[in-house]
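Data first, discussion second: the structure below is written as structure tokens.
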Amino acid sequence: MLDHTNEAPIAQIQGLRVEFQTKDGPVVGVEDVSFDINPGETVCVVGESGSGKSVSSLSLMRLVEYGGG
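Heads up: the sequence shown at position 21 corresponds to 437 in the numbering used here, and the numbers run straight through without jumps.
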């Protein structure tokens, strides 16, 4: 196994917040999510239905449309 202990994280998320605009106003999809992904790590995101797993992952990949919120 390779030693990655001195390498910087390949991804860092700090205080992620995502809002979706609706006709009734903004809805928070994710609030205050923070994590690092280090080289060589395998990451598994687990949680209850509706807890923000998909929105957090899609945000990391920049696949959530941003604008106002």
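Just so you know, even glycine gets a beta-carbon here, dropped at the ideal spot from N, CA and C.
query                                                                                                         : result
Proximity to L432 [Cα-Cα], best of C460, T458, E481 and F451                                                  : F451
Inter-stretch contact (C-beta, 8 Å, three-pair minimum) for the stretch 417 to 430 and the stretch 441 to 460 : yes
Counterpart residues of P442 in DSSP-defined beta bridges                                                     : Q437
Contact check, V449 vs S472, beta carbons under 7 Å                                                           : yes
Option in D440, S465, V462 and V446 with minimal Cα separation from Q430                                      : V446
Endpoints, alpha helix (DSSP H) assigned at V471                                                              : K469 to L476
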